[in-house]
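Trainee:
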Amino acid sequence: MAKPLDLGLEERLLKARIQYVAQLKEALLDSDSLLHNTLEVYTSIIDEIAEEVVHEVAALVAQGLEDVRIPRNICVEKEAASTVPPGRVSVDVFGVPASSLPIDPVSCPNCARRVAASRFAPHLDKCMGRGRIGAGR
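Adding 659 to a residue's 1-based position in the sequence shown gives its number in the working numbering.
1. Within its chain, find whatever has a CB closer than 6 Å to the CB of L666; leave out the 5 residues flanking it on each side and keep chain order.
2. Look at the alpha carbon of K684 and the alpha carbon of E707, and state the distance between them as a whole number of angstroms.
3. Kindly give me the distance between the Cβ atoms of P764 and R773, rounded to whole angstroms, as I take these residues to be in contact under 8 Å.
4. For a quick check, are the C-beta atoms of L687 and L673 less than 8 Å apart?
5. The alpha helix (DSSP H) with A776 in it runs from where to where?
6. Of all the options P768, S777, C767, which has the alpha carbon lying nearest to the alpha carbon of D751?
7. M660 to A675, Cα distance in whole Å?
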């Protein structure tokens, strides 16, 4: 069976809340109160942040970037990209898969050895005695 409502208690709680809201309103209207000044500071901070975001988005749109992404989505994409197990697909600094890089052998003009193109410069340094190890020879 449902309990009978104590309307007196409900009325007292409601009056106390209304009184609290009235005190807040008075404090907000008083320009010397701490609450009023705190609210002014927070409002100005939020306004500055919003204005900065609007300017950044407007600049991106003016540059013709069609895909304006939310930073949260960028973080999610980076997290998803980092879940690929290491050694599966390695990419260079430009995002090109390492397996698609050419492995053309190049002949060294000094010793005539065939060296992978990606290792030619370090080989030439060692071969001509300009590297750290080759300089002592």
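For every residue, glycine included, the Cβ atom is placed at its ideal position computed from N, Cα and C.
Mentor: The relevant details are as follows:
1. none
2. 25 Å
3. 4 Å
4. no
5. No alpha helix (DSSP H) contains A776, which DSSP labels as neither H nor E.
6. S777
7. With a pLDDT of only 48 at M660, under the threshold of 50, the placement of this residue in the model should not be trusted; the figure read from the coordinates follows. Looking at the two C-alpha atoms, the distance is approximately 30 Å.
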